[in-house]
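In our numbering, the protein residues as written are 443 to 705. Backbone N, C-alpha and C define an ideal beta-carbon position, used for all residues, glycine too. Computed from a predicted structure; not experimentally measured. What follows is a single structure, written as structure tokens, with notes after it.
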Amino acid sequence: MNNNKQERKGRNDHKGSGARSSASKDGGSPSYQKREKEASAASTFKPKTELGRKVLSGEISDINQILDSGTIILESAIVDILVPNLQNDLILVGQSKGKFGGGSRRAFRQTQKKTKEGNKPSFSTYAIVGNGNGLVGYGFGKAKETVPAREKALRNAKLNLIKIKLGSGSWESTGKNENSIPFAVEGKCGSVIIKLMPAPVGRGLCCEKEIAKILKIAGIKDVWSKAFGRVKTKPNVIEATFSALKKLQSTNMNPELMGSLEK
């Protein structure tokens, strides 16, 4: 009797381990499921714009071709196809309910509208996307539920994708390090002013946590920063940060100066 029980237990353990191993091979990890979802989205992509048709046919195979030409992206699936390794994150713009107003920070800001039928809540959030190598975008989403708000924000972030210049943060550096930004930039939104300054290798992101999220996903590793105004208003902080990053894209630099910096 005992031998039969042990044999049955051994067979069940073997089946369980085989199921777990097959599940891990078949895509039990979230990263695998995410890649499968993006691949299926690309395979079912039905373009509605001329740019989407060119991307699907293979005429445009690099996202830099679109960003350098200044063409507006109207379909988020274009970014999914051309930048498969895109990372995303949510900015903590809301606050959960807590005793004496001491709730923890959360990604969704909840507001309510008073009507005759009662309170109608809505949720808003900010999402950021980037590849960690100079591509970054942000988007705002608002809906009656948290999941649709997040999806809207991610879709808008992909449509607002920009390419920024990376560079060395120290004049003492002799290599072609792209750990920081090439020059100081400043952005403003409302009363909030964000100033970003180059920093040497190893300094890290010396800035507010939510700003550090944006800079990290953009590929910036070292930076100094200054913030002025009412920085508790997180939407204005996000807008001011991206206003500063856009100047890294729009500022024209002398080619001779760029060549001397790269030597």
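Terminal residues of the alpha helix (DSSP H) in which residue 684 lies: 676–692 is the extent of the alpha helix (DSSP H) around residue 684.
Just the Cα atoms here: how many angstroms apart are residue 688 and residue 485? Approximately 32 Å, taken between the alpha carbons.
Does DSSP put residue 574 in a helix, in a strand, or in coil? If DSSP states are grouped into helix, strand and coil, residue 574 belongs with coil.
For the candidate residues 522, 630, 618, 558, whose alpha-carbon lies nearest to that of residue 573? The candidate whose alpha carbon is nearest that of residue 573 is 522.
Where the beta strand (DSSP E) through residue 630 begins and ends: 627–631 is the extent of the beta strand (DSSP E) around residue 630.
Please classify residue 464: does DSSP put it in a helix, a strand, or coil? Legend: pLDDT at residue 464 = 43, less than 50; position of this residue unreliable, value from coordinates given subsequently. Looking at residue 464 - three-state DSSP - the assignment turns out to be helix.
With distances taken from CA atoms, which of 536, 691, 493 is nearest residue 623? Relative to the Cα of residue 623, the nearest Cα in the group 536, 691, 493 belongs to 691.
Could you give the residue range of the beta strand (DSSP E) that holds residue 556? That run of the beta strand (DSSP E) goes 551–557.
I'd like to know if the region 529–539 and the region 650–667 are in contact, where contact means that at least 3 CB-CB pairs between them fall below 8 Å. The region 529–539 is in contact with the region 650–667.
The region 635–653 in contact with the region 665–675 per 3-pair CB rule at 8 Å: Contact holds between the region 635–653 and the region 665–675, because three or more Cβ pairs, one in each stretch, are under 8 Å apart.
Sort 514, 553, 627 by Cα distance to residue 686 and report the nearest one. Of the candidates 514, 553, 627, the residue whose Cα lies closest to the Cα of residue 686 is 627.
Please report how far the alpha carbon of residue 669 lies from the alpha carbon of residue 619, in whole angstroms. Each residue's alpha carbon lies about 26 Å from the other.
Would you call the region 552–563 and the region 595–606 in contact, with 3 or more CB pairs under 8 Å? As far as the Cβ criterion goes, the region 552–563 does not touch the region 595–606, which means the pair count is below three.
Tell me the rounded alpha-carbon separation between residue 613 and residue 693. Each residue's alpha carbon lies about 20 Å from the other.
Would you mind giving the Cβ-Cβ distance between residue 551 and residue 535, rounded to the nearest angstrom? I have them listed as a contact below 8 Å. Yes, residue 551 and residue 535 are in contact; Cβ-Cβ is about 5 Å, under 8 Å.
Just to confirm, are residue 632 and residue 581 a CB contact at a threshold of 8 Å? Judged by beta-carbon spacing, residue 581 lies beyond the 8 Å limit of residue 632, meaning their Cβ atoms are not closer than that value.
Just to confirm, are residue 491 and residue 516 a CB contact at a threshold of 8 Å? Using a Cβ distance threshold of 8 Å, residue 491 and residue 516 count as a contacting pair.
With residue 388 as the anchor, note down where its alpha helix (DSSP H) starts and where it stops. The structure shown does not extend to residue 388, since the chain is modelled only from 443 through 705, so no value can be given for it.
So residue 513 and residue 493 are supposed to be a Cβ contact under 8 Å. How far apart are they, rounded? About 6 Å; that satisfies the 8 Å criterion.
Beta-carbon contacts of residue 506 that lie in its chain and below 8 Å, excluding the five residues immediately before and after: 605, listed in sequence order.
Might you give, ordered along the chain, the residues of its own chain that have their beta carbon closer than 6 Å to the beta carbon of residue 509, omitting 5 neighbours on each side? Excluding residues up to 5 positions away in sequence, 605 lie with their Cβ nearer than 6 Å to the Cβ of residue 509 in the same chain.
Give every residue of the same chain whose Cβ lies closer than 8 Å to the Cβ of residue 597, excluding the five residues on either side of it in the sequence, and list them in chain order. These residues qualify, in order along the chain: 518, 581, 583.
Mapping the DSSP letters down to three states, classify residue 505 as helix, strand or coil. In the structure shown, residue 505 sits in a helix (DSSP, three-state: H, G or I).
Under three-state DSSP, which class holds residue 563? Strand, per DSSP.
Roughly how many angstroms lie between the CA atoms of residue 569 and residue 578, to the nearest whole one? Roughly 11 Å separates the two Cα atoms.
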